[in-house]
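Colleague: This structure is in structure tokens; I'll ask about it shortly.
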Amino acid sequence: MRSKYGKTFKFYIGLDMNVMLCEPARIDQIFNSTVIINKSKYYDMLKPWLGDGLLISGGKKWKQRRKLITPSFHFKILENFVNVFNSAGGVLIDQLSKEVGKESVDIYEILNLYTLDVICETAMGVQINAQTEKFTPYATAVRKFCEMVVYRVFHPLGWNDTVFRMFSSEYKSYNESVTLLHDVTRKVIKTRKALYANQASDNNREDDFGRKKTFALLDLLLTTADAKDLTDEDIEEEINTFIFEGHDTTSAALAFILYELSKNSSVQSKLYEEIIEHFGHTMTSNLTIKDISDLKYLDMVCKEGLRMYPSVPFVMRKVEEEFVLDGITIPRDTILTVLIFMLHYDPDIYPNPEEFIPERFSVENQMKRGPYDYVPFSAGARNCVGQKFAIYEIKTTIIKIIQKFEVLPAPDYKKVLGFMAVLKPKNGVEVRLKLRDNEHGIGSN
Ligand code: HEM
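Mapping of the sequence shown onto our numbering: position 110 corresponds to residue 110, and the numbering continues sequentially without gaps.
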């Protein structure tokens with residue numbers, strides 16, 4: 001439709017008018033509008049798990065929560081989370097080491113369990129060991145829910161709650177998953193609250209391995225004075241929102257970046273050189289934000305990865321009052337969709353958009369483009385609150401993987417993109433892993 005009708009076009013889904021666009025000047029007006037702030041009804045499919053958390057809520061509630069939650073992603077707190085990326089990253093490297101020498105490995109599958117471990121520890125302070133124990137009931141329930149969101153958008157039996165409950169064969173296992181997801185978060189909140197009530201500072205506790213326990217997003221919500229009016233249900237919906245937004249998005253981005261590195265050996269070599277120059281050959285087990293931020297080429301690689309594979313490929317807003325966009329009147333009740341994916345593939349902005357060229361994001365090249373030419377984390381008031389968290393997690397993980405392994409293309413693998421609540425590979429991401437030569441030049445497969 002974009003190639004047939006241009007960069008702004010409309011169509012109907014049933015009786016709903018949808019206006020879709022991918023022009024930077026118009027995106028600027030939408031993201032910076034103070035009236036087009038609420039989400040479209042399609043986000044409601046997420047409600048059974050996320051309730052009315054930050055991603056979905058609107059109006060006054062969203063404004064208050066956003067103000068409350070933004071400080072949770074402060075530099076100092078993120079520094080604490082980088083320790084989690086380091087420790088879970090160590091487990092990831094062990095898991096990947098088992099795959100060395102095989103014809104191919106689905107790296108997406110492994111990364112997805114890794115990011116789930118990371119988000120559960122940073123959001124709830126709980127280690128679910130998804131990487132080592134694989135399909136724990138929690139990890140399975142998260143996966144089931146995400147699959148069902150897509151099923152419910154595209155399958156007529158999923159559209160209406162009653163029809164879904166009465167006629168879909170998927171309902172039973174879906175409902176069990178939703179119940180389990182709620183039970184786990186509720187239990188964690190209850191336990192944590194009891195600890196604070198007994199004034200036993202959880203902050204200094206150690207886990208089973210003697211590591212200092214992570215001061216999680218949940219702890220912030222339980223201890224910040226401004227958050228004292230939040231009920232258990234309020235806290236639960238925010239924690240569940242972090243878990244949903246914070247794991248599939250990062251694992252898909254990571255897997256796609258590694259896929260592009262496997263296909264672009266000169267980019268990978270340049271990145272490897274930068275990593276070795278900063279950290280040497282010895283595995284880096286305690287990276288800091290400062291370490292991560294020093295790597296300029298890594299920054300370009302990640303930005304180009306998120307250009308080609310924006311984990312959230314479009315965002316939708318509800319027009320609640322008639323709105324004039326560049327002289328076009330958009331009537332009330334229209335759904336406005338910003339096509340981030342199409343924007344990032346616009347050849348007028350990114351020549352040869354299908355090619356992975358990190359140099360597009362050199363400082364000089366970025367200065368030639370406008371601020372709304374690249375919006376993987378959206379922009380304006382409703383931008384991604386976890387943006388820095390995501391970037392640090394992606395960068396830490398790439399450093400660890402590239403320092404240890406050469407990532408090579410897998411024979412016969414053809415990437416197929418899919419939309420399953422986020423942009424994901426439909427058929428996994430297959431690569432081949434080879435151990436890097438050590439500093440004495442002795443290599444191993
Ligand atoms: C590569 C990783 C990520 C990408 C590309 C991404 C992208 C986005 C985008 C485009 C939005 C706007 C959605 C909309 O308007 O409908 C968003 C919102 C949000 N993201 Fe992320 N995200 C990522 C990771 C994370 C992480 C790690 C967290 C939390 C730990 C997170 C938490 C949120 C939340 C809570 C919102 C809702 C913000 C609001 O409406 O005020 N995201 N994200």
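Backbone N, C-alpha and C define an ideal beta-carbon position, used for all residues, glycine too.
(1) Short of 7 angstroms in beta carbon distance, which residues of its chain neighbour Ile30, apart from the five on each side in sequence? Order them along the chain.
(2) List the whole-angstrom C-beta distance separating Gly246 from Ala123, where the pair is believed to meet the contact cut-off of C-beta under 8 angstroms.
(3) Whole angstroms are fine: how far does the CA of Leu261 sit from the CA of Gly305?
(4) With contact counted as at least three CB pairs below 8 angstroms, one residue from each stretch, are the stretch 350-365 and the stretch 293-301 in contact?
(5) Mind checking Gln446: buried by the 16 CB within 10 Å criterion, or exposed?
(6) Rounded to whole angstroms, how far is the Cβ of Ser65 from the Cβ of Glu238, which I believe are closer than 8 angstroms?
(7) Let me know the alpha helix (DSSP H) ranges lying completely inside the stretch 363-390, each 4 residues or longer, listed in chain order.
(8) With a floor of 4 residues, list each alpha helix (DSSP H) that falls wholly inside the stretch 186-265, ordered by position along the chain.
(9) Which class does Phe135 belong to by DSSP, given the choice of helix, strand or coil?
(10) Evaluate Asp117 with the Cβ neighbour count: other Cβ atoms within 10 Å of its Cβ, from every protein chain shown; 16 or more gives buried, anything less gives exposed.
(11) What separation, rounded to the nearest whole angstrom, lies between the Cα atoms of Glu430 and Asp106?
(12) With a cut-off of 8 angstroms on the beta carbons, I'd call Asn129 and Phe215 a contact; round off their distance for me.
(13) So Glu236 packs on Arg186, CB below 8 angstroms; how close in whole Å?
(14) Using the three-state DSSP reduction, which class does Asp16 fall into: helix, strand or coil?
(15) Looking at Thr249 and the ligand HEM, is the gap between the Cβ and the nearest heavy atom below 7 angstroms?
(16) Buried or exposed for Ala62, please, with buried defined as at least 16 other CB atoms from any protein chain shown within 10 angstroms of its CB.
(17) Could you have a look at Asn175 and say whether DSSP puts it in helix, strand or coil?
(18) Counting pairs of Cβ atoms below 8 angstroms between the stretch 404-418 and the stretch 72-91, do you hit three or more?
(19) In angstroms, rounded to a whole number, what distance separates the CA positions of Leu181 and Val142?
(20) Determine the direct distance from the alpha carbon of Ser97 to that of Glu515, and round the result to whole angstroms.
(21) Please state whether DSSP places Thr8 in a helix, a strand or coil.
(22) The ligand HEM and Ser33: does the residue's C-beta get closer than 7 angstroms to at least one heavy atom of that ligand?
Modeller: With the given structure in hand:
(1) Locating residue 30 in the sequence shown gives position 30, counting from the first residue. So the list reads Ile36, Arg317, Leu336, Val338, once near-sequence residues are dropped.
(2) The count along the sequence shown starts at 1 and reaches residue 246 at position 246. The count along the sequence shown starts at 1 and reaches residue 123 at position 123. Contact flag correct, Cβ pair sits at about 7 angstroms.
(3) Translated into the one-based positions of the sequence shown, residue 305 becomes position 305. Translated into the one-based positions of the sequence shown, residue 261 becomes position 261. So the alpha carbons of these two residues sit roughly 10 angstroms apart.
(4) Touching, yes, given that three or more Cβ pairs across the two stretches are closer than 8 angstroms.
(5) Outside the displayed range of the chain (1 to 445) lies residue 446, so it cannot be described from this structure.
(6) As a first step, residue 65 must be located in the sequence shown, where it is residue number 65. As a first step, residue 238 must be located in the sequence shown, where it is residue number 238. According to the sequence displayed, residue 65 carries Arg and not Ser. Correct: roughly 7 angstroms between the Cβ atoms.
(7) 363-367
(8) Listed in chain order, the alpha helix (DSSP H) runs fully inside the stretch 186-265 are 217-223, 232-263, counting runs of at least 4 residues.
(9) What you label residue 135 is simply residue 135 of the sequence shown in a count that begins at 1. Note: Phe135 maps to coil in three-state DSSP.
(10) On the sequence shown, residue 117 is found 117 positions in, with the first residue counted as 1. A residue is called buried when at least 16 other Cβ atoms come within 10 angstroms of its Cβ; Asp117 meets this threshold and is buried.
(11) Taking the first residue of the sequence shown as position 1, residue 430 is located at position 430. Taking the first residue of the sequence shown as position 1, residue 106 is located at position 106. Their backbone Cα atoms lie some 4 angstroms apart in a straight line.
(12) Here residue 129 refers to the residue found at position 129 of the sequence shown. Here residue 215 refers to the residue found at position 215 of the sequence shown. At roughly 20 angstroms, the Cβ-Cβ gap does not stay under 8 angstroms, so Asn129 and Phe215 are not in contact.
(13) By 1-based counting over the sequence shown, the position of residue 236 is 236. By 1-based counting over the sequence shown, the position of residue 186 is 186. About 6 angstroms; that satisfies the 8 angstroms criterion.
(14) Here residue 16 refers to the residue found at position 16 when the sequence shown is read from its first residue. Judged by DSSP in its simplified three-state form, Asp16 adopts strand.
(15) Position 249 of the sequence shown holds residue 249. Flag set: Cβ of Thr249 near the ligand HEM.
(16) On the sequence shown, residue 62 is found 62 positions in, with the first residue counted as 1. According to the sequence provided, residue 62 is Trp. The question's Ala does not apply to it. Trp62 should be labelled buried.
(17) Here residue 175 is taken as the residue at index 175 of the sequence shown, counted from 1. Asn175 falls in the helix class under three-state DSSP.
(18) By the criterion of at least three beta-carbon pairs nearer than 8 angstroms, the stretch 404-418 is not in contact with the stretch 72-91.
(19) The count along the sequence shown starts at 1 and reaches residue 181 at position 181. The count along the sequence shown starts at 1 and reaches residue 142 at position 142. Looking at the two C-alpha atoms, the distance is approximately 7 angstroms.
(20) What the structure shows of the chain is the stretch from 1 to 445, and residue 515 is not part of that stretch, so it cannot be assessed.
(21) For the purposes of this step, residue 8 is taken as the residue at position 8 of the sequence shown. Note: Thr8 maps to strand in three-state DSSP.
(22) Numbered from its first residue, the sequence shown carries residue 33 at position 33. Ser33 Cβ: outside cutoff for every heavy atom of the ligand HEM.
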